[in-house]
Ligand code: FUL
């Protein structure tokens, strides 16, 4: 296109030949007036991008198991065993999540035991036959969605594909008449759901409506996933189908960490889990990681005598998941009253305080920012360094095509105490950065590399690196610095950085 442009100008007699050499460096073309960098494929779907921006959200395991003390119900529990001691209060759950700095939550509305926390038409194994009025009036999808809207938070539901109560589990009838219908019913509880969560467990043996047998299914084909996706997306266009649904991947552990190197691209189909922590560089489809972890010391469901993890441990999880290009879905179980215990509410509040006090004041905002390379500006957009500190997620600094290493330097007039560096790539055009490093300078001239014990490889949507190299004891005393230098050492194509923050 560039040569066509040149030819047109010359033919039209608009340019003397002496201007030709100058024209060579102008990268703006008729079909790319903004000189936008070409995408590095694969790139995320718009709904995956929105999902990624949710970053940190809550998981609420509540249901029949809350009353039986089990983690995996058998499916033969009498409905009357579901008997909350008060009206379940999803608003209280989400308020506590919000205080922790979370942007949303996912409520379990059917676990493997098959008991449904809404008045479904697909099975009688639901709250309508609960043991008391609080139970019979429970409708978690309705109340959770309403609370989320009121609190301006995102919401979604966990519905177990594996159903140890259903007589039909393992047959086509189960998929068509029970599971897909349940998902369709849930979709009707709000078209703005951000994620539907499908656990991959399929332990085999169970009650199965009295068949008391073992059923094994191939979960990569059994659940009719293409149909499931279509059905849900028709009603909820922004709803990412997690796990079995194939739009985001399990991070591969339940301990709250992602790999320091973590690509959002993968090669395997949605049934695979082996590479969850790391993803695959150059993988052929976009499958970002989500880390599910517990904020308490016992199960996913509430158990007598449980206590929350320390705020420092929760902060470590945040650094090792959200800070490593994954999302974090952190579980806090409501108890038999249908509310979160006070200790959990307090732990979440303390976690939120840590996030604000440690990652709430961006020192890059007061710095002078300089880069050693800037992409040529287009008609309507530029790629200047300031785009990394302007608070706009849609602007970014970029280098010219073919330039895959560059430096960014922040300087302050007075020394600052630095502890964390945060980088974000503009992933709408693909994940790129492969290697980078951080240095600080006390005098503004001599630089020392920091966080050398951490692999500063990928960035992705978001990367947060503690400068002392420790995620478990990251705060420390910090480093006095008049300057900070980030060197992008290697990238799959010109790097596009939408944010640089320093705390
Ligand atoms: C697992 C399930 O089997 C657990 O019970 C829990 O729901 C967890 C989040 O996913 O695979």
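In our numbering, the protein residues as written are 8 to 510.
Beta carbons are placed, not taken as given, at the ideal position from N, Cα and C, and that holds for glycine.
Predicted model only: the values in this text are computed from it and were never measured.
Judging by CA-CA distance, which residue of the options is the nearest neighbour of residue i?
| i | options | result |
| --- | --- | --- |
| residue 594 | 307, 272, 302 and 304 | Residue 594 lies beyond the range of the chain shown here (8 to 510); nothing can be said about it. |
| residue 477 | 330, 50 and 455 | 330 |
| residue 432 | 391, 400 and 444 | 400 |
| residue 255 | 337, 299 and 230 | 299 |
| residue 46 | 502, 510, 73 and 509 | 502 |
| residue 118 | 189, 165 and 435 | 165 |
| residue 43 | 98, 390, 293 and 295 | 390 |
| residue 445 | 369, 426, 187 and 435 | 426 |
| residue 447 | 475, 441, 386 and 471 | 475 |
| residue 373 | 489, 98 and 500 | 489 |
| residue 466 | 109, 265, 283 and 362 | 265 |
Please report the straight-line C-alpha distance between residue i and residue j, rounded to a whole angstrom.
| i | j | result |
| --- | --- | --- |
| residue 460 | residue 486 | 16 Å |
| residue 259 | residue 421 | 44 Å |
| residue 404 | residue 240 | 34 Å |
| residue 365 | residue 220 | 53 Å |
| residue 90 | residue 307 | 19 Å |
| residue 84 | residue 71 | 8 Å |
| residue 320 | residue 408 | 42 Å |
| residue 419 | residue 469 | 24 Å |
| residue 37 | residue 384 | 14 Å |
| residue 130 | residue 185 | 8 Å |
| residue 14 | residue 267 | Note on residue 14: pLDDT 38, under 50, position unreliable in the model; the coordinate value appears next. Residue 14 and residue 267: Cα-Cα distance of roughly 49 Å. |
| residue 370 | residue 424 | 9 Å |
| residue 190 | residue 204 | 10 Å |
| residue 169 | residue 454 | 55 Å |
| residue 334 | residue 328 | 6 Å |
| residue 452 | residue 411 | 24 Å |
With H, G and I counted as helix, E and B as strand and the rest as coil, what does DSSP make of residue i?
| i | result |
| --- | --- |
| residue 32 | Here residue 32 scores only 48 on pLDDT, less than 50, and its place in the model should not be relied on; the value that follows carries that caveat. Note: residue 32 maps to coil in three-state DSSP. |
| residue 536 | The question about residue 536 has no answer here: the residues shown for the chain are numbered 8 through 510. |
| residue 200 | coil |
| residue 113 | strand |
| residue 182 | helix |
| residue 360 | helix |
| residue 67 | strand |
| residue 392 | helix |
| residue 298 | strand |
| residue 503 | strand |
| residue 141 | helix |
| residue 72 | helix |
| residue 251 | coil |
| residue 413 | strand |
| residue 400 | coil |
Applying the criterion that 16 or more other CB atoms from any shown protein chain within 10 Å of the CB defines a buried residue, is residue i buried or exposed?
| i | result |
| --- | --- |
| residue 172 | buried |
| residue 120 | buried |
| residue 150 | buried |
| residue 439 | buried |
| residue 456 | exposed |
| residue 297 | buried |
| residue 200 | buried |
| residue 132 | buried |
| residue 509 | buried |
| residue 234 | exposed |
| residue 128 | exposed |
| residue 500 | buried |
| residue 213 | buried |
**Asked** Three or more beta-carbon pairs under 8 Å between the region 113-126 and the region 64-74, yes or no?
**Response** Contact holds: three or more Cβ-Cβ distances are below 8 Å.
**Message:** Below 8 Å, how does it come out for the region 346-360 and the region 94-103: are there three or more Cβ pairs, yes or no?
**Reply:** Yes, they touch.
**Request:** Check whether the region 369-385 touches the region 329-343, taking contact to mean three or more Cβ pairs, one atom from each stretch, closer than 8 Å.
**Result:** Touching, no, given that fewer than three Cβ pairs across the two stretches are closer than 8 Å.
**Message:** I want to know whether the region 231-246 touches the region 191-199 - three or more CB-CB distances under 8 Å.
**Reply:** Output reads yes: the region 191-199 touches the region 231-246.
**Prompt:** Are the region 213-227 and the region 160-177 touching by the rule of at least three beta carbon pairs closer than 8 Å?
**Reply:** Output reads yes: the region 160-177 touches the region 213-227.
**Request:** Evaluate contact between the region 313-326 and the region 294-303, counting only Cβ atoms and requiring at least three cross-stretch pairs below 8 Å.
**Result:** Touching, yes, given that three or more Cβ pairs across the two stretches are closer than 8 Å.
**Asked** For the 8 Å Cβ check, are there 3 or more pairs between the region 134-150 and the region 180-188?
**Response** The region 134-150, when compared against the region 180-188, does not touch it at the 8 Å Cβ threshold.
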